[in-house]
Amino acid sequence: MAIKQTGDIAAHRLSPEQLSCEFADIAPLLDPTAAAAAASRCHYCYDAPCVQACPTQIDIPGFIRKIGHGNLKGAATDILSANPLGGMCARVCPTEILCEGACVRNHQDSKPVAIGALQRHATDWAMAHDAVHWTRAPDSGRHVAVVGAGPAGLACAHRLAMAGHRVTIYDAHDKGGGLNEYGIAAYKTVDDFAQREVQWLLSVGGIELKTGVALGRDVTLDALRQQYDAVFLSIGLAGVRALELEGDALSGVMNAVDFIEQVREAKDLTTVPVGRRVIVIGGGNTAVDAAVQSHKLGATSVTMVYRRGVESMSATWAEQEFAKTQGVTLITHTKPVRLLGSDGMVTAVEFERNSDDGSTERFTLEADMVHLAIGQTLVAIGLDHALLTLDGSRIAVDADMRTSLDKVWAGGDCAASGGMDLTVQAVQDGKLAAASIDAAFALAAVKAA
60 MAIKQTGDIA AHRLSPEQLS CEFADIAPLL DPTAAAAAAS RCHYCYDAPC VQACPTQIDI
120 PGFIRKIGHG NLKGAATDIL SANPLGGMCA RVCPTEILCE GACVRNHQDS KPVAIGALQR
180 HATDWAMAHD AVHWTRAPDS GRHVAVVGAG PAGLACAHRL AMAGHRVTIY DAHDKGGGLN
240 EYGIAAYKTV DDFAQREVQW LLSVGGIELK TGVALGRDVT LDALRQQYDA VFLSIGLAGV
300 RALELEGDAL SGVMNAVDFI EQVREAKDLT TVPVGRRVIV IGGGNTAVDA AVQSHKLGAT
360 SVTMVYRRGV ESMSATWAEQ EFAKTQGVTL ITHTKPVRLL GSDGMVTAVE FERNSDDGST
420 ERFTLEADMV HLAIGQTLVA IGLDHALLTL DGSRIAVDAD MRTSLDKVWA GGDCAASGGM
480 DLTVQAVQDG KLAAASIDAA FALAAVKAA
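Counting in my numbering, the sequence shown runs from 60 upward without gaps.
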């Protein structure tokens, strides 16, 4: 969605040098000494709780022990064997509620082992040195279509290719990566890491990526089922919930996901327009990313407004605290009532806040840019309604990621798999689907024998 530039919404708020500093890597690499020190804090627990907390079940004590012994190739191999997108997950996983949140060190000195930083230390070294390679099994003669080149689709394709099956990935965007490429704050994944990881993953061989191809527009599910031996749907949640309030069509109002994509894909950050007074409506990671990036682009005032309390926010406590350190003001228990404007441009948002005594009060915040981050939805174009859950919000799947339609599996954010809407969970969904597809091929071969 293009934003009309006015005196309050403009580009070039900061110099290239300032923007370079603002959008520098927020979690720079550990040096070898720091990595060795961090690794030495691990107890290498038997039946480690950190492993149980990781959706992809990485052998965390094992790879940390290897780092401590200076065996970075072995550590990276352990990580990438369980999670082929381990480099990106090391950057974007909410480790504070997963592996590091489960670390036994929290009960001893209130500081977990730096698992995420150590994982990135090993995987970045491996990528820089081209150290980890996979050998494909002999060609099976099977061919699978994967629709969606996000984390679930990429993980599924990689596992299937390893098993000797050929894979064609279709994606509606110009580049693969899904949310890793288009939906994550630029300061979390610098130096075009998402694309470098995609290219590394495709290097296993046997995978063809076709971009600019959308389900329901360029290909149909029926045609894919006829052409391929199996289909894996990993189409994500491409729709955005509407605010449906007076004034939501004013210029200066845009979806936060569109804003994040605009920042991510900008070749020159000085050209990205941003308001002086920005309001972000929502309480998830998307809201935090939009709010923080607005401030980093030069907004004078950034306010994030959420309708419930902080305990209900899907953004983790670490993301909330980071937003505050980046100049973002958080207002809770408050919902928008209407958006006000002048000459077609948004000028303010009227809110209603619930007080502790049960009463409500209304107040208005001035704004020249409003980002909506109130949730994403499944775009069911090209999907049979029978594939969906009763409420139509996701694709229904079983424990093996099978749908109700023969030869069709699904995973990632689009599927009702019961997991969290996280990159690491999407990777696990893709792995489970690949194992199920491979098993189905093996069973079919036995029956045909």
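Yeah, the Cβ is synthetic: ideal placement off N, Cα and C, and Gly gets one too.
Exposure of residue i, with buried meaning 16 or more beta-carbon neighbours within 10 Å
i: VAL203; result: buried
i: PHE422; result: exposed
i: GLN484; result: buried
i: ASP230; result: buried
i: ALA107; result: buried
i: LYS170; result: exposed
i: ALA508; result: exposed
i: CYS80; result: exposed
i: GLN286; result: exposed
i: VAL505; result: exposed
i: GLU420; result: exposed
Short Cβ contact (8 Å threshold) for residue i with residue j
i: LEU424; j: ALA439; result: no
i: ILE68; j: PRO395; result: no
i: THR388; j: THR359; result: no
i: ILE123; j: ALA141; result: no
i: THR154; j: ILE138; result: no
i: LEU292; j: ALA469; result: yes
i: ARG150; j: ARG179; result: yes
i: ILE126; j: LEU73; result: no
i: GLY145; j: THR92; result: no
i: ALA220; j: VAL263; result: yes
i: ILE228; j: LEU268; result: yes
i: GLY403; j: LEU309; result: yes
i: ALA315; j: GLY341; result: yes
CA nearest to the CA of residue i, picked from the options
i: GLY129; options: ASN165, TRP184, GLY357, HIS224; result: TRP184
i: GLY451; options: LEU442, VAL151, ALA458, ASP459; result: LEU442
i: VAL369; options: PRO197, GLY357, VAL347; result: VAL347
i: ASN25; options: ARG366, GLU320, THR375, VAL337; result: Since the first and last residues shown for the chain are 60 and 508, residue 25 lies out of range.
i: SER495; options: ALA458, ARG300, SER463; result: ALA458
i: MET313; options: SER99, MET428, ALA493; result: MET428
i: ALA244; options: LEU447, ASP416, ASP84; result: ASP84
i: TYR365; options: LEU328, ASN413, ARG323, GLY386; result: ASN413
i: ILE136; options: ALA86, GLN111, VAL191; result: Reading the sequence as shown, one finds Thr at residue 136 and not Ile. With distances taken between Cα atoms, THR136 lies closest to VAL191.
i: LEU88; options: VAL249, GLY209, GLN167; result: VAL249
i: GLU305; options: LYS355, VAL351, LEU399; result: LEU399
i: ASP281; options: PHE252, THR391, VAL206; result: VAL206
i: LEU213; options: ALA504, GLY417, GLY489, ALA503; result: GLY489
i: SER476; options: LEU464, ARG453, VAL467; result: ARG453
i: GLY209; options: GLU256, HIS166, ALA222; result: GLU256
i: VAL322; options: MET147, LYS355, PRO114; result: LYS355
First through last residue of the beta strand (DSSP E) which encompasses residue i
i: ARG397; result: 393-401
i: TRP468; result: 467-469
i: MET372; result: Note, MET372: premise wrong, no beta strand (DSSP E); not H, not E.
i: ASP281; result: That residue, ASP281, is in no beta strand (DSSP E); its alpha helix (DSSP H) goes 280-286.
i: ARG218; result: Where ARG218 is concerned, there is no enclosing beta strand (DSSP E), although the alpha helix (DSSP H) it sits in stretches over 210-221.
i: PHE291; result: 289-292
i: ALA204; result: 202-206
Residue i - partner residues in DSSP beta bridges
i: THR423; result: GLU409
i: SER360; result: ARG336
i: LYS326; result: According to DSSP, which records beta bridges pairwise, LYS326 is partnered with nothing at all.
i: VAL387; result: VAL361
Start and end residues, alpha helix (DSSP H) containing residue i
i: ALA96; result: 91-98
Neighbour flag for residue i against chain B, beta carbons, 8 Å
i: LEU446; result: The structure shown contains no chain B; it holds only a single protein chain.
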